[in-house]
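In our numbering, the protein residues as written are 25 to 77.
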């Protein structure tokens, strides 16, 4: 088993055993980053057209 698989298994085991308040704390820390990444990835690279001369 690779190191990544071991870490994922450990994280999943922790998530299943963690109390609800710890899960909420982790979700509140991670959720804003996930939302920001989704918005940034969906936004166009250049939202405004270049000015016409």
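Glycine included, every Cβ here is placed at the ideal spot set by N, Cα and C.
Residue 57 is positioned such that its CB atom lies no closer than 8 Å to that of residue 47. Put simply, the backbone Cα of residue 49 is about 32 Å away from that of residue 68. Annotation: residue 34 to residue 65 spans about 29 Å, alpha carbon to alpha carbon. In this structure, DSSP gives residue 75 a state outside helix and strand, which the three-state scheme calls coil.
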